[in-house]
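Visitor: Sharing a structure here in structure tokens format.
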Amino acid sequence: MIDKDLAEQWATLNVTVEADDEEEAIDVWRINLQSVMAFFRCETQWRSLAAPAGDGHRLVWLGIDYASAHPVFARRDRVRERQLLGDIQVMELAALEAWREVG
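Below you can see the structure in the form of structure tokens.
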């Protein structure tokens, strides 16, 4: 989520980013809760860049930096770790696709 403060920080770099004014409630099935929470904990590990666009720049999301996010999904149970990573990657691809449609 891009709040007003983050949008203003990008604006100082001449990058136009629209702030999300409202939060939407979502329903998460219990079986998916751990994966969704892990995905949310990756929010500070997204990589982005400012790309030229018209008179300024626009924010381009590249994806999650998995080396930095590893502690979020690392588990002693390797099978569960791979499962959790796979779930995070599915949500990451869906988020990237949604941002492409918007931007």
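For the sequence shown, counting from 1, position 99 maps to 138 in the numbering used here; every step adds exactly one.
Virtual Cβ for every residue (Gly too), placed ideally from N, Cα, C.
Note that this is a predicted model, so its numbers are computed, not measured.
#1: Is the stretch 100 to 117 close to the stretch 60 to 69, with three or more CB pairs under 8 angstroms?
#2: Determine the extent of the alpha helix (DSSP H) in which Leu162 is found, giving its start and end residues.
#3: Exposed or buried, Val54, counting other C-beta atoms within 10 Å across all chains shown (16 or more means buried)?
#4: Expressed to the nearest angstrom, what Euclidean distance is found between the alpha-carbon atoms of Met76 and Arg139?
#5: Please report the distance separating the alpha-carbon of Leu132 from that of Leu101.
Guide: Walking through what the data contain:
#1: As far as the Cβ criterion goes, the stretch 100 to 117 does not touch the stretch 60 to 69, which means the pair count is below three.
#2: The shown model of the chain, from 40 to 142, leaves out residue 162, and the question about it has no answer.
#3: By 1-based counting over the sequence shown, the position of residue 54 is 15. Buried.
#4: Translated into the one-based positions of the sequence shown, residue 76 becomes position 37. Translated into the one-based positions of the sequence shown, residue 139 becomes position 100. Using only the alpha carbons, I get a separation of about 23 angstroms.
#5: Sequence index remark: in the sequence shown, residue 132 carries index 93 (1-based). Sequence index remark: in the sequence shown, residue 101 carries index 62 (1-based). The alpha-carbon of Leu132 is positioned some 10 angstroms away from that of Leu101.
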